[in-house]
Amino acid sequence: MALTPTVRERDPLVFGGADRLVKLIGALYQRPRAGDRPRELDEVSVRWKRGYHDERSGRRGLPMVCLVRPDSAADVLPELSRWLEEAKPEPVRHAYLGLAGREETDSDGPATRQSVETVRDLLWEARNALIRDPRARGSRLRFGLFTLVVWLMSQKIAEHDPNPDRTLLRRVQRLGLVERFRTTIQHVDDQLPGDKFWWRVPLAILRGLTALSFRAAVTGRVPVLSGQYRWFLRQPHLAPEMSGSFVRFARRLTDGEWQREAPEYVSRLLVNAFLEDLRRAYRIRPWQPWRRRRMTYPVLLLDAISPANGGYRLLRLLNGVRNQVGLFDPLLVISASDDVPPDAGRGDPERPRFDATTAAEAYRAWQNALRDDRRARRDTAWYLPIRIREGEPKEVLDDARRRLASFDGYHLERRLARPPWWASRWTRIGVPVLVVALAAAGLVVQRKTTLDSHCGTDNPWLVSTGTECVGISDGGFDLFQPSDDTTAQVVRIIREQNKRAEDLHRNRPERPYITIVDLEALTSSTGTAEGIAAERESLEGFAVAQLRQLSAPAASDPIVRILIANAGRGMREGVRVAGMLRELAGQDRSIVAVAGLDLSSDPTQRTITALSNAGIPMVASTLSADSLADDNPMYFQVTPQNRREAEVAAAFAQRLPEAASREVRVYYSDDDADIYSTNLRDDVVKSFTARGFTVDARALTPNGGIGGKVAHERYGERLVGNPSAAGRDTCSFPGIAFFAGRGVPDFGDFVAGAGQCGSKAAIIGDDDVTRYIADKVARQLNRAMPFYYLSFATEPVTAPQGLARDFYTTLNQQLFPFEQTERGRSLDGHAAMAFDAAQVLITATAYLRETAATIPVTPGAVWREITAIHTSQPDARQTNKYIEGVTGTIDYGGDISRNVPENKPVAVLRVEGGEVSRTLQAFCGVAAGRASDPWCPVDG
-12 MALTPTVRER DPLVFGGADR LVKLIGALYQ RPRAGDRPRE LDEVSVRWKR
38 GYHDERSGRR GLPMVCLVRP DSAADVLPEL SRWLEEAKPE PVRHAYLGLA
88 GREETDSDGP ATRQSVETVR DLLWEARNAL IRDPRARGSR LRFGLFTLVV
138 WLMSQKIAEH DPNPDRTLLR RVQRLGLVER FRTTIQHVDD QLPGDKFWWR
188 VPLAILRGLT ALSFRAAVTG RVPVLSGQYR WFLRQPHLAP EMSGSFVRFA
238 RRLTDGEWQR EAPEYVSRLL VNAFLEDLRR AYRIRPWQPW RRRRMTYPVL
288 LLDAISPANG GYRLLRLLNG VRNQVGLFDP LLVISASDDV PPDAGRGDPE
338 RPRFDATTAA EAYRAWQNAL RDDRRARRDT AWYLPIRIRE GEPKEVLDDA
388 RRRLASFDGY HLERRLARPP WWASRWTRIG VPVLVVALAA AGLVVQRKTT
438 LDSHCGTDNP WLVSTGTECV GISDGGFDLF QPSDDTTAQV VRIIREQNKR
488 AEDLHRNRPE RPYITIVDLE ALTSSTGTAE GIAAERESLE GFAVAQLRQL
538 SAPAASDPIV RILIANAGRG MREGVRVAGM LRELAGQDRS IVAVAGLDLS
588 SDPTQRTITA LSNAGIPMVA STLSADSLAD DNPMYFQVTP QNRREAEVAA
638 AFAQRLPEAA SREVRVYYSD DDADIYSTNL RDDVVKSFTA RGFTVDARAL
688 TPNGGIGGKV AHERYGERLV GNPSAAGRDT CSFPGIAFFA GRGVPDFGDF
738 VAGAGQCGSK AAIIGDDDVT RYIADKVARQ LNRAMPFYYL SFATEPVTAP
788 QGLARDFYTT LNQQLFPFEQ TERGRSLDGH AAMAFDAAQV LITATAYLRE
838 TAATIPVTPG AVWREITAIH TSQPDARQTN KYIEGVTGTI DYGGDISRNV
888 PENKPVAVLR VEGGEVSRTL QAFCGVAAGR ASDPWCPVDG
C-alpha cells in the first residue's frame, strides 16, 4: 500500500489510531502472493514482513476484527466499505450488512429455529452482495453448496407423497446441467422426422447415459462425478452417515424436516457451506490453469451487531465452524458494535485489551495465541476485539486527522497485486503448454528417430543403417533398394498370399503352418533395380511355391508364409539380420528355416554361422562355394558346388576350338572376403590343370568389393587392374579366358574391355554371370563380344519340360505376366532355383506328417527330414524320396553329412549379340526329360 499526501478529510475515521487500524485492515485483506500461509506483521509500519511464519498451519487464518466503537464512530464501517470499493488497482470484493434497526429475531441463548432463519438470511444477503459486486474484477464467486442448502430448506414435500425421495430427486435433477442436457436431447429428438429411427438410437443411448450418470452422482460416493453432492456426506455437522445417500440427507433439509434437526448444527451447516464455497473459489485446481489468482480476500462488514439481530450468533457460528473443521477459509470479517462480542464483556471485563492505536500489537497477540486457542476450542479463538475510544483530547484527534491526511486509500503495490511469475496463470497455462509442446516435440523427435531407425515404419524388425534398410518384412514394406514397378508387384503378391495363408491356417488348423524367410542381399550394388533382378526372380520363385501350397488339398501339405529379409549390400548386414531372426523365431514358432541366401562371401559365411548358432536350418538357392556346405551342418543348398562347376567347365573347354592352345587364364576377384571367387579360382585351376591345360590365374580389382584383404599376394600372382583392364588383358590371348568373379557389377566391364580390342579368346563366365544375364539393359550394352556362361538352371532359356512347364506357366501367366514382356523377362533361372529351395523345405515338412500328425514342426525336425530327401539305396526297403525339381533332381544321397544334391545339373549357355541362345551348349547332371552329355563328369 502506498502512502501519499492528500488534503481530503475523512471525519468518520478521526479517532486515535485510525491510521493504524486502517492499515491493519488493508494488510489483512491482502492475500499472499503464493499460497495462504501465515505472515508476520511489522508493528511499526503495519505491513507484512518478507517471508512467512515458521508455524504455518497453527497460525494460519483470518481474524474476525470486532470494532467496539462509541456512537460518534458509528459510520466507521460504511467509510471502510467506501475505501474498499475505491481500492487500487481494483476494488476489494466485500459485502456491507447494516444490522441497525433490524427486527430482533434472535437472542443470546441457545439456537432456535428462528435463529437458523436469521443466520440463513444474513448469509444469503452476504452471498448476493459478494456475487453482484459490480466493480470487482475476476471471475464471479459461486455459492453452489450454500445455495443448494437454502433451496432444499425451501422445498416442501407433501406428507402423503408415497415416494418422497424420488420426488426430491426429480427436483434436484431439474436444478443442474443434467436437466439442460436431457432437455436438449429431447428437443433434438422432437425435431427428427418420424421415419429416422436409427438417428434416435444414439439419442436414446445419450439419454440413458445421462440418467445413469446423474443417479451415480447423487449417491454422493463417486469421486469427481458426485461433485458437490459428495461434500454433504463428508461434512461433520448433521451426521450424514445416518442417511447413506445424498437424496436421503437432502430430504432432512427440506421444509418441515430441517426443523426437526438441532438448530445449532443446521446453522453450522449453513455457515460451513458458505465458507466451503469461498474455499473452492480461492482454490485453483490443476485442471483450471486459466483461472486468475485472487490477490485480495473477500470482506464481510457487519455493522451494529447485537445478540438480538443475529450478528453475535453469526460470529459465534463462524468461530465454532472454524474450530471444528480446521480448514482455512478466505473470509475477513469486520464487525462493529457497542459491546464486545461474543459475550458483551461479561466473560472478561478487561476485553478488549487493545485499542486502535495498538491495532498491530493486537493482531500479533491474537496470532501468537491462535494455535493454543484453536486446540482448546475456545469460543473467542477467532475474535480480534479492538476498541475505538470515546472522548479523546483534541490534540489526539488532530494528530489522527494529520495521519489520515497522508493516507491515500488502499493501494496495492504492483508487485503485491500480482502473484510471482511462477504462480501466475500465464505460467500455469504456459508451463503445461510448454511441457506438452516439449513432450510432443520429444515424441515427434522420438517418433521420427524411431521411424528413421526403422526405415520410416513401426516395424521393429526393420533397421536403417544410414545408407540402406535391412531387416525383415512380410511384404508390407518393400525392402528392395531401389525398387521398380515389377519388383513392387512381386512384393505385393507375397503380402497378399501371406494374408491368404494366415486365413487358411485359421480355417485349416490341422495342416502344418510354416514360415520360410527369403534372406538375400536386396540392396543393389549398381544402384539400379536391374542390379537386383536376380533377387527379384528368387522371390518370384518363392511366390510360386507358396501359391501351390495355398491350393494343396491334403492335410499333410504345409501352408507356407514367406518373409522377405534384406541382409544389405553384399550381405554385409547378414549377422545383424540373423540376430533379428533368432529373436523373431523365439516369438513366432512357425519360422522353420531360411532360404535363398546370396553371394558366397565372408559376410555370407558369418551369416550362416550366426543362423546355425540360432538353430535355424538353411537351404540356399544359388550359393556354390565348397566350404559353405562342407563346414556348416545346418546348411543345405540346391545348387552344385564350385568343384563340380569347375569340373564341368574344364570338360566343356576341352571341346572348344580355342582349347588347341591348351592355355587358360583365370580372372578372379582380388578380395579374400569373396569366398566364391577365390574358391572357384582354386577349383578351376585344379580341374583345368588335371586335364592338361596350362593355367595362369590373374587377379582383378572388383568394383565395390566386399572389403577383405588382397588375394593375389597370397597366391603370388599378377594383379591386372579393374574389370575393364582384365578384359583388355585377353586381347592378344588365343586361349580360354575363364571369368571367376562377380557377374554384377564386374562381368559387364570385363566383357566391354574385351570387346574394345575384338578379343579372340573364348570367354567362359561362371554361374554368377547369370545375375548379369538377368539385367537385360546391361547385357545389351555389350553386343560385340560373344561368350559362354555356366548356369544351374536351363529354363527359361530353353523350352520348359515336365514340372518346369507347370512352374513357368504359373510364374509367367498366373502370377507375373510381366515375365512375358521384353522388359520383365529374366533368363537367369533364379526363380526356378528359389522354387526348388522352397520345395526342399515344404517336402521335409510334409515328411514329418507322413507317419504321425502330432509331430511338432520345428526347425530341428525340418532340418533332420531334409536328409531324408534321396533315392533308394540298392536293396534298401524304402521308397524313393528325392525331389524332381525345376532345375533338376534333388537327391542328398541318404548321407546325413551330405548337404549338396548329387549330380546336380550344370548347363553351358552362349550369348551372342547381347541375346542368350536358346540352344544348350552343354548339359551335365540328372534331370527328368533331359539326358546328360556323355563326356560330363559325375560326382564321386
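In terms of this note's numbering, the sequence shown is residues -12 to 927.
Ideal Cβ positions, reconstructed from N, Cα and C, are used throughout, including at glycine.
* Alpha-carbon spacing of ASN150 relative to SER141, whole angstroms -> 19 Å
* To do: Indicate the three-state DSSP secondary structure (helix, strand or coil) for TRP70 in the structure shown.
  => helix
* Can you tell me which of ASP152, GLY297, ARG267, ALA61 puts its alpha carbon nearest to the alpha carbon of ARG100? => Checking every option, the nearest Cα to that of ARG100 belongs to GLY297.
* C-alpha distance - LYS435 paired with PHE467, whole-angstrom precision -> 22 Å
* For LEU288 versus ALA5, is the C-beta spacing smaller than 9 Å? -> no
* By DSSP, does ASN709 sit in helix, in strand, or in coil? -> coil
* Report the option in ALA343, GLU228, PHE236, VAL653 whose CA atom is closest to the CA atom of VAL205. => PHE236
* **Counted within 10 angstroms of its Cβ, other Cβ atoms place VAL137 as buried (16 or more) or exposed** => Result: buried.
* **LEU304 - containing alpha helix (DSSP H), residue span** => Residues 298 to 312.
* CB of ALA640 to nearest heavy atom of the ligand FMN: below 8 Å? -> For the ligand FMN, the structure offers nothing, since it holds no ligand at all.
* On the three-pair Cβ rule with 8 Å, is the region 481 to 497 touching the region 735 to 750? -> The answer is no - the region 735 to 750 does not touch the region 481 to 497, with fewer than three Cβ pairs under 8 Å.
* Asked: Hey, how far is the Cα of GLU251 from the Cα of GLU30?
  -> Cα-Cα distance, rounded: 38 Å.
* Quick one: Cα of ALA387 to Cα of PRO419, how far? -> Taking the straight line joining both Cα atoms gives about 51 Å.
* When we look at the beta-carbon of LEU(-10) and count the other beta-carbons within 10 Å, is it buried (16 or more) or exposed? -> Residue confidence is low: LEU(-10) scores 36 on pLDDT, short of 50, so the model does not pin down where it sits. No coordinate-derived value is stated.
* Name the residue from LEU305, ASP290, ARG272, THR283 whose alpha carbon lies nearest to the alpha carbon of LEU262. => LEU305
* Asked: Can you name the start and end residues of the beta strand (DSSP E) that SER674 belongs to?
  -> Taken as a continuous stretch (DSSP letters only), SER674 belongs to no beta strand (DSSP E), being part of the alpha helix (DSSP H) at 662 to 677.
* To do: For the alpha helix (DSSP H) holding PHE639, just list the boundary residues, first then last.
  => 629 to 640
* Would you mind working out which of SER538, SER608, PRO590, LYS673 sits nearest ALA580, comparing C-alpha positions? => SER608
* Less than 8 Å between the CB atoms is what I'm expecting for ASP342 and ILE373, so what's the real figure, rounded? => 6 Å
* Hey, out of TYR775, SER324, VAL209, whose CA is closest to ARG642's CA? -> TYR775
* Would you identify the three-state DSSP class for VAL756, choosing helix, strand or coil? => helix
* Asked: Is the region 312 to 326 in contact with the region 94 to 108, if contact means three or more CB pairs nearer than 8 Å?
  -> As far as the Cβ criterion goes, the region 312 to 326 does not touch the region 94 to 108, which means the pair count is below three.
* **Pairwise C-alpha distance: SER393 and VAL(-6)** => Bear in mind that a pLDDT of 31 at VAL(-6), under 50, signals an unreliable position, so the model cannot answer this.
* Asked: How should LYS971 be labelled, buried or exposed, when 16 other C-beta atoms within 10 angstroms of its C-beta is the threshold for buried?
  -> Missing from the structure shown is residue 971; the chain here goes from -12 to 927 and no further.
* What does TYR655 pair with, by DSSP beta-bridge criteria? -> BP columns for TYR655 point to ALA686.
* Asked: Cβ of VAL431 within 9 Å of Cβ of PHE803?
  -> no
* To do: Note down, one range per segment and in chain order, each beta strand (DSSP E) of at least 3 residues found wholly within the region 409 to 482.
  => List check, beta strand (DSSP E) in window: 449 to 451, 456 to 460.
* To do: Express the C-alpha separation of GLU73 and ARG(-3) in angstroms, rounding to a whole number.
  => Unreliable placement is indicated for ARG(-3), whose pLDDT of 45 sits below 50; the coordinate value is still reported in the next sentence. Approximately 14 Å, taken between the alpha carbons.
* Asked: Do you know offhand how far THR367's Cα is from GLY417's?
  -> Each residue's alpha carbon lies about 45 Å from the other.
* Counting Cβ pairs, one atom from each stretch, are 3 or more of them under 8 Å apart for the region 590 to 609 and the region 534 to 545? -> no
* Just confirm the distance between the C-beta atoms of PRO689 and GLY728, as a whole number of angstroms; I'd bet it's less than 8 Å. => 6 Å
* Closer than 8 Å by C-beta to LEU399: which residues in its own chain qualify, once you throw out the five before and the five after it? Chain order, please. => If the five residues before and after LEU399 are omitted, its C-beta is found closer than 8 Å to the C-beta atoms of MET(-12), GLN17, ALA74, LYS75, PRO76, MET282, THR283, all from its own chain and listed in chain order.
* Asked: Does the Cβ of ARG303 have 16 or more other Cβ atoms within 10 Å, making it buried, or fewer, making it exposed?
  -> Buried, because 16 or more other Cβ atoms sit within 10 Å of the Cβ of ARG303.
* Do you know how far the Cα of ILE519 is from the Cα of LEU828? -> 24 Å
* Asked: Can you name, in chain order, every residue of its own chain whose Cβ lies under 8 Å from the Cβ of ASP659, other than the five neighbours on each side?
  -> ASP589, THR665, GLY695, LYS696, VAL697, ALA698, ARG701
* Tell me where the alpha helix (DSSP H) around GLN592 begins and ends. => 589 to 600
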